[in-house]
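To convert, take the position in the sequence shown, counting from 1, and add 1243; that gives our numbering.
Just so you know, even glycine gets a beta-carbon here, dropped at the ideal spot from N, CA and C.
What follows is a single structure, written as structure tokens, with notes after it.
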Amino acid sequence: MDKDVKYMKAALKQAEKAYALGEVPIGCVIVYEDKIIGRGYNRRNTDKNTLCHAEITAIKKASKKIGDWRLEGCTLYVTLEPCQMCAGACVQARIDRVVIGAMNPKAGCAGSVLNILEMPQFNHQVEVLRNVMSEECGDILTRFFKELRAKNRREKEESLHA
């Protein structure tokens, strides 16, 4: 099995944890020397903290594990294209490579809306590989939002009949 697929599957397992909490299912793992050194999943609503994105959590854990804020030599795998905050954190952490599952045409900052990761104006650029297991990474998001819309419709109908 391709290493990128192997680690994207691990990121998807993290996304399933977010899904189980009722969070937007985004997962992330950070790999150094063929070992996962950081894991994270979206917990923004659970923790009531806008910073609790999958990538930020994984970066914090990886930095703690290796004892440095610089994550040189690391690859970050994430199921959805990073937002501006997370893309900026990848640049700031000096992550070498980011592997993305599904692209995010509405808010993605690794090529969809902006491309923070590869901007030549910054002192660090990140190598980017896009659309690894994009169907699986997109499917979990589609399933989540379909269920959320159905739940919201039911609640609205119940409140109208109450």
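In the DSSP secondary-structure assignment, residue 1319 is bridged to 1273 and 1341. Residue 1324 carries a coil assignment under DSSP once its states are collapsed to helix, strand and coil. Taking every protein chain shown into account, the CB of residue 1285 has 16 or more other CB atoms within 10 angstroms, so this residue is buried. In summary, residue 1283 is buried, with 16 or more beta-carbon neighbours lying within 10 Å of its beta-carbon over all protein chains present. Following the DSSP letters along the chain, one finds residue 1282 inside the beta strand (DSSP E) bounded by residues 1278 to 1284. Look at residue 1395 here: in three-state DSSP terms it is helix. Under the 8 Å Cβ criterion, the region 1299 to 1319 counts as touching the region 1265 to 1281, having at least three qualifying pairs. Contact annotation: residue 1340 and residue 1369 have beta-carbon atoms nearer than 8 Å. Bounds of any alpha helix (DSSP H) do not take in residue 1372; it lies within the beta strand (DSSP E) bounded by 1370 to 1372. Beta-bridge pairing by DSSP links residue 1358 to 1353.
Taking 8 Å as the cut-off, the beta carbon of residue 1258 is found closer than this to the beta carbon of residue 1383. Here residue 1404 carries a helix assignment [DSSP, helix/strand/coil]. In this structure, residue 1267 lies away from residue 1320, with their beta-carbon atoms at least 8 Å apart.
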